[in-house]
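Residue numbers (the working numbering): 20 to 62.
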């Protein structure tokens with residue numbers, strides 16, 4: 020197992036956590052607007 024193979028999943032997980040934190044922070048500030056936008060993307 021090379022380090023490059025381990026770095027990729029770690030980076031993906033870290034970016035995912037950051038994305039979730041940012042989205043939760045925006046959701047608190049803008050109220051339900053973020054949830055409505057997420058629903059539009061999901062549909």
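Think of the CB as a built atom: it goes at the ideal place given N, C-alpha and C, for glycine as much as any other residue.
Length of the line joining the Cα atoms of residue 55 and residue 40: Along the chain shown, one-based indexing puts residue 55 at 36. Along the chain shown, one-based indexing puts residue 40 at 21. Residue 55 and residue 40: Cα-Cα distance of roughly 18 Å.
Under the three-state DSSP convention, the category residue 21 falls into: As a working mapping, residue 21 is identified with position 2 in the chain shown. Note: residue 21 maps to coil in three-state DSSP.
Cutoff 8 Å: residue 25 Cβ touching any chain C Cβ: Within the model displayed, chain C is absent; a lone protein chain is all it includes.
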